[in-house]
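J.: Numbering (our numbering), first residue to last: 317 to 610. Virtual Cβ for every residue (Gly too), placed ideally from N, Cα, C. This structure is in structure tokens; I'll ask about it shortly.
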Amino acid sequence: MRVLRNLEYSNRHALDVYVPDLSRGAVLLLHGGWLDGDKSDEALLAERMCRSGILVFAANFDLDRSGPNGRALRDALEAVAWIRGSEFKFDRDRVAVMGVGTGGTVAIEVGLKEGVPVVGWSALIDLKSFMDSSATLGDSDHLRDYYGVSRETIEEAGDQIPFLRGVILALVANNLSLLAATSPLQRVNPSAGRTLLFNSTNELVPATGAGMLQLAMLEADVPCTVHLLDGTRHGSEYLLQALPETIQFLAAAHTDESADAAERDHDEHPGDLVEAPMEKFPASDPFFPGYAAH
Numbered sequence: 317m318r319v320l321r322n323l324e325y326s327n328r329h330a331l332d333v334y335v336p337d338l339s340r341g342a343v344l345l346l347h348g349g350w351l352d353g354d355k356s357d358e359a360l361l362a363e364r365m366c367r368s369g370i371l372v373f374a375a376n377f378d379l380d381r382s383g384p385n386g387r388a389l390r391d392a393l394e395a396v397a398w399i400r401g402s403e404f405k406f407d408r409d410r411v412a413v414m415g416v417g418t419g420g421t422v423a424i425e426v427g428l429k430e431g432v433p434v435v436g437w438s439a440l441i442d443l444k445s446f447m448d449s450s451a452t453l454g455d456s457d458h459l460r461d462y463y464g465v466s467r468e469t470i471e472e473a474g475d476q477i478p479f480l481r482g483v484i485l486a487l488v489a490n491n492l493s494l495l496a497a498t499s500p501l502q503r504v505n506p507s508a509g510r511t512l513l514f515n516s517t518n519e520l521v522p523a524t525g526a527g528m529l530q531l532a533m534l535e536a537d538v539p540c541t542v543h544l545l546d547g548t549r550h551g552s553e554y555l556l557q558a559l560p561e562t563i564q565f566l567a568a569a570h571t572d573e574s575a576d577a578a579e580r581d582h583d584e585h586p587g588d589l590v591e592a593p594m595e596k597f598p599a600s601d602p603f604f605p606g607y608a609a610h
């Protein structure tokens, strides 16, 4: 494995490339963090995927108040174009996009627009449910301004939920009636890429959004698989549980096999990294217990 760092894909941003000895396909990896995040945050995930034979492009992108469907999406699309035009050896028709947290939401937006396969870990999809579930904090929303405050400071203060409320309110200019239109649920279409989603049942990001996206994609005849994990872990905190299925999905995205065939193979030959069973939510009944403020 080789790592090439800080290759510029635009005049504003760079990416790191994790090159395997033998490539099974390529994936654009998008970090989380909302207003604060960096490609290095997912270095361990990138290394694990690369050691499984996946060519990984871990990119920085703008996380600003324009939201996952704004400048962040434009940056991600620019990164995809750069990857396809690069000199790295892989099938240009076999590019997938994966994201963690905010990056997962951006990855979904890329899949909806470009039709590429998508993996999202703890992607925020149902903004309204999050705001409704944390409504008890609403009276003090106007007292908080986290813009420019580091993620470490926010986490040390235990202010992740108020912080995320502030970000969402900024996206809709304090007009809660715009929450639905801001969600990627509004942009599901039959040309979207097949999608794999992971979420913990009681984490920061409401798990209900994954089920709602699954239902919307089902109606658009687009494959979408949801895995629910017990507990409160967010994003890469459940790497050991989510990685084997993620690699199976990405491997299928880079071959002529279907995602269903990859899942059957995973059931028969589970990866060595699995520490606990995963609960798959049935496509016929995609709603499940979601977020509770804590």
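What's the C-alpha gap between D588 and I477?
T.: Low confidence applies here, because D588 scores a pLDDT of 34, under 50, leaving its location unreliable; read the following figure in that light. One C-alpha to the other measures close to 34 Å.
J.: From the DSSP output, in three-state form, read off F406 for me.
T.: Three-state DSSP puts F406 in coil, outside helix and strand.
J.: Do you know how far the Cα of G348 is from the Cα of E472?
T.: So the two alpha carbons sit approximately 17 Å from each other.
J.: In or out: K405 buried (at least 16 other Cβ within 10 Å) or exposed?
T.: Exposed: under 16 other Cβ atoms inside 10 Å.
J.: May I have the straight-line CA-CA distance separating A577 from V542, to the nearest angstrom?
T.: The predicted position of A577 is uncertain, since its pLDDT is 42 and thus under 50; no value can be drawn from it.
J.: Hey, could you find the ends of the beta strand (DSSP E) F373 is sitting in?
T.: Segment 371-375, the beta strand (DSSP E) holding F373.
J.: Let's test the definition: count the other Cβ atoms within 10 Å of the Cβ of M317 and tell me whether it reaches 16, buried, or not, exposed.
T.: It counts as exposed.
J.: I believe R467 touches D378 by the beta-carbon criterion, under 8 Å. Please report the beta-carbon distance rounded to the nearest angstrom.
T.: In fact, because the Cβ distance is near 16 Å, the residues do not count as touching under 8 Å.
J.: Taking V434 as part of the beta strand (DSSP E), name the residues at either end of that continuous run.
T.: 434-437 is the extent of the beta strand (DSSP E) around V434.
J.: Is F373 closer than 7 Å to L331 when the C-beta atoms are compared?
T.: Yes. Within cutoff.
J.: DSSP three-state label for Y554, please.
T.: Correct three-state label for Y554: helix.
J.: Would the segment 439-446 count as touching the segment 507-523 if we require 3 or more Cβ pairs under 8 Å?
T.: Short answer: they touch.
J.: Hey, is the segment 551-564 in contact with the segment 529-540, meaning 3+ C-beta pairs nearer than 8 Å?
T.: Too few Cβ pairs lie closer than 8 Å, so no.
J.: Quick one: residues in its chain with C-beta nearer than 7 Å to the C-beta of M447, no 5 flanking neighbours on either side, listed in chain order?
T.: The answer, listed in chain order, is R481, I484, L492, L495.
J.: Since H347 sits in a beta bridge, which residues does DSSP pair it with?
T.: Paired residues: none, contrary to the question.
J.: Based on Cα-Cα distance, which residue from W398, V488, G369, Q530 lies nearest to A375?
T.: Looking at the Cα atoms, W398 is the closest of the given residues.
J.: Which of the three DSSP states is assigned to R318 in this structure?
T.: DSSP places R318 in strand when its eight states are reduced to three.
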